[in-house]
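Chains A and B, in that order, are what the protein sequence lines are.
At position 95 of the first sequence (counting the first as 1) the number is 100 in this note's numbering, and the numbers step up by one without a gap.
At position 211 of the second sequence (counting the first as 1) the number is 277 in this note's numbering, and the numbers step up by one without a gap.
We treat Cβ as the ideally placed atom computed from N, Cα and C, and that holds for glycine.
Presented below is the structure to which this report refers.
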Amino acid sequence: MQHLADLVLLLVLLTSFLILGTTRLTTCIRAVAVQGGLLGVLPLVLEPQWSAHTLGLATGTILVKAIVLPWFLTWAIREAAVRREVEPRVGYIASLILGVVAVAVASAVATRLPVPGDHPILLLATSLSCVIMGLLVLATRGKALIQVVGYLMLENGIYVFGLTSVDRVPFLVEVGVLLDVFVGVFIMGIVVFHINREFDSLDSARLTELKD
Amino acid sequence: MTAGPLVSLVAVLLLAPALPGVATKTKSLLTGRHGAPVLQLHRDLLRLLRKGAVYSTTTTWMFRLAPVAGVVTPLLAGILLPLDGRGAVLQFSGDFVAFAALLALGRFTLILAALDTGSSFEGMGASRDAAFASLVEPALFLCFVVLILATGQLSLSGMLGAAPAPSLAMVAVSLFFVLLAEASRMPVDDPATHLELTMIHEVAVLDHSGPDLALLLYGGALRMALFAALPVSVLVSRARLAVPLALAALLAGMVMVAVVVGIIESSMARLRLGRVPQFLVAASVLASLGVILQLLT
């Protein structure tokens, strides 16, 4: 089980790197969908004995993060008719290298973090690096839709961190968080749609222009 | 010393030209054609060896040196690889640097020969070759660093064949990317292109003919074989197998690598030249992830 969990965590990391390195919005959304699916499988491989709690968590996560949200984002890019990011503020190669730095920093911090319970060190490292890479995408990409993807990556990182205390957090809290994310992305999708209609572009840099 | 390493080396030397053939055959079958026989390159080599060579009057001895260096350097590099899973024909501490240096030397002479012709197309190919090679090198060395960290050995014979670990999967994928770049296969370079403007490796050998071209083609196939043997040796630990079995496993693995190359070539387009560095940096990123993982565990 340990090896399987490590493999899933590695794939989560790799999908994050794919999002950092790709120019296409559809690839971004697919990657974040795959990441959501992997995160849904993660509690099942981490806890060998499945309880109703872990099963519910897994199905809820897969349903929201791998199916509903990606479908919704795909709808949004179809409506907004954008396909690719033109010029990120930080180039793709630089973001990939920053991603590696993020993983290095996260791993260094993860080894020192006093988290109760016995967890694979890779779990903490992956969660922290997902958070940092999500922030990186949020901060450096211009298109509002990729920023939504960055927000999802950030949330995925927090979700992975939450798995360290899966037996202590009540199920309701997790469902609540999942719902919050769902509503958040939903609202962002609608905002994105309206930005596109008003400005004919999804570039968030243009939001500084005044319009009445 | 037993005959294992030597026999394996000879087998790889004889079968190396079949690897591009396997890739081409896969590509043809996937696109609904019959394709050239797998051993087509063997026939081409024999045909080219019977022909004479034509030399441009602007070229110097450098131009004639490149084909010889193009075969000798991968041959020497092959001597350092543990092809039978136990040990190489020649091994010493730090031989992985020699391995990389020999292959770089082969590329260097080829670049000089391309510049020697004075053709602007070949100059362009040479400059691209040099630029991409400099991005491949960090990935290759980071992979070696992971292997050294995993085994504590400084020779290729010792470091290939570590116990399976997540970091080694990263190394294998990274080495596969390196193979695609080093063997000038699809996302980096298109071996089947006829447009000089977009060629990288093919354009650098454009002026060579006859036996010289045969040597360069054979050297290229050998290079591909070595880089196909690397990820196979990383993933499959063959030290416990009997020598014939270990050799068979290696050859089967190399054929599988060639099939994957063919599948990639028929399923994706080649990257724009400006995007290639990103692909090669991704190889380094994977390798450095391997280093981090190795340090974590």
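Between residue 185 of chain A and the set A/30, A/20, A/103 and A/156, the nearest pair of CA atoms involves A/156. DSSP places residue 208 of chain A in the strand class (E or B) of the three-state scheme. The bridge partners DSSP lists for residue 148 of chain A are A/208.
Flagged as an interface residue toward chain B: residue 18 of chain A, by a C-beta distance shorter than 8 Å. For residue 145 of chain B, the uninterrupted alpha helix (DSSP H) run begins and ends at 127–146, by DSSP. A buried status is given to residue 152 of chain A, since no fewer than 16 other beta-carbon atoms sit within 10 Å of its beta-carbon. By the rule that beta-carbons nearer than 8 Å mark a contact, residue 108 of chain A touches chain B. When the beta-carbon positions are compared, residue 295 of chain B and residue 147 of chain B come within less than 8 Å of each other. The beta carbon of residue 176 of chain B sits closer than 7 Å to those of 132, 136 and 270, all from its chain and outside the five residues before and after it, given in chain order.
In this structure, residue 101 of chain A lies away from residue 155 of chain B, with their beta-carbon atoms at least 8 Å apart. For the stretch 115–138 of chain A, the set of positions with a beta-carbon nearer than 9 Å to some beta-carbon of chain B reads 115, 116, 126, 127 and 130 in chain order. For residue 331 of chain B, same chain residues with a beta-carbon under 6 Å away, outside a window of 5 residues either side, are 93 and 252 in chain order. DSSP places residue 323 of chain B within a helical segment (H, G or I) once states are collapsed to three.
Within the stretch 315–343 of chain B, 343 place their CB atoms closer than 7 Å to a CB of chain A, listed in sequence order.
Annotation: residue 80 of chain B to residue 283 of chain B spans about 14 Å, alpha carbon to alpha carbon.
Look at the stretch 352–363 of chain B: the residues with a C-beta under 7 Å from a C-beta of chain A are 354, 355, 358 and 362. With respect to chain A, the C-beta atom of residue 197 of chain B has no partner C-beta closer than 8 Å. Identification of chain A residues near residue 232 of chain B by a Cβ-Cβ cut-off of 9 Å yields 8, 11, 12, 14, 15 and 127, ordered along the chain. At a cut-off of 8 Å, the C-beta of residue 22 of chain A has a neighbouring C-beta in chain B. Cα atoms of residue 290 of chain B and residue 61 of chain A: separation of roughly 49 Å, rounded to the nearest angstrom. In the displayed model, residue 121 of chain B falls within coil according to three-state DSSP, outside both helix and strand. Within the stretch 197–275 of chain B, no complete beta strand (DSSP E) segment of 3 residues or longer occurs. Around the C-beta of residue 261 of chain B, fewer than 16 other C-beta atoms lie within 10 Å, and the residue is accordingly described as exposed.
Beyond the five residues adjoining it in sequence on each side, residue 203 of chain B comes within less than 8 Å, by CB distance, of 166 and 170 in the same chain, given in chain order.
Within chain A, no C-beta atom comes nearer than 7 Å to that of residue 295 of chain B; the closest sits roughly 24 Å away. For residue 297 of chain B, the closest C-alpha among the options B/340, B/254 and B/238 is that of B/238. Per the C-alpha coordinates, the member of B/312, B/86, B/299 and B/153 positioned closest to residue 229 of chain B is B/299. Interface residue (Cβ-Cβ distance to chain B less than 8 Å): residue 142 of chain A is not classified as such. The C-beta separation of residue 255 of chain B from residue 267 of chain B comes to about 6 Å, placing the pair in contact by the 8 Å criterion. Straight through space, the alpha carbons of residue 191 of chain B and residue 265 of chain B are spaced by roughly 6 Å. Considering only A/29, A/179, A/141 and A/131, the residue with the shortest C-alpha distance to residue 162 of chain A is A/131. Its chain contains 332 as the residues whose beta carbon lies nearer than 6 Å to that of residue 96 of chain B, once the 5 sequence neighbours on both sides are disregarded; these appear in chain order. Buried is the label assigned to residue 71 of chain B, since at least 16 other Cβ atoms lie within 10 Å of its Cβ. Residue 179 of chain B is outside the set of residues whose beta carbon lies under 8 Å from a beta carbon in chain A. Annotation for residue 360 of chain B: the continuous alpha helix (DSSP H) segment containing it runs 342–362.
For residue 106 of chain B, the enclosing alpha helix (DSSP H) covers residues 106–116.
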